[in-house]
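A short write-up of the structure that comes next.
Residue numbers (my numbering): 114 to 188.
Okay, structure coming up:
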């Protein structure tokens with residue numbers, strides 16, 4: 114797809130690092146599948162992947178985690 118940010122590049126399959134923060138908690142997910150713009154590097158993450166990230170984030174927050182860095186694993 115054409116990049117919505119720069120309008121110049123096309124997106125290709127790649128990976129992103131996603132950082133989520135809530136209150137004093139910071140969660141980092143590495144190697145998240147994404148579509149990445151070949152021109153500006155903007156990352157687009159599929160809705161299903163975002164839902165999966167949020168589920169893992171909620172579990173970590175409920176467990177009292179304040180800082181967590183992990184590799185993304187598909188469901």
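Note that beta-carbon positions come from the ideal geometry of N, C-alpha and C, so glycine has one too. Quick caveat, the model's predicted, so the values are computed rather than measured.
query                                                                                  : result
Residue 142 - partner residues in DSSP beta bridges                                    : 131 and 183
Reduced DSSP secondary structure (H/G/I, E/B, other) of residue 156                    : strand
Status (buried if at least 16 other CB within 10 Å, exposed otherwise) for residue 145 : buried
Assigned secondary structure, residue 149 (DSSP; H/G/I helix, E/B strand, else coil)   : strand
CA-to-CA distance, residue 117 to residue 148, given in whole angstroms                : 12 Å
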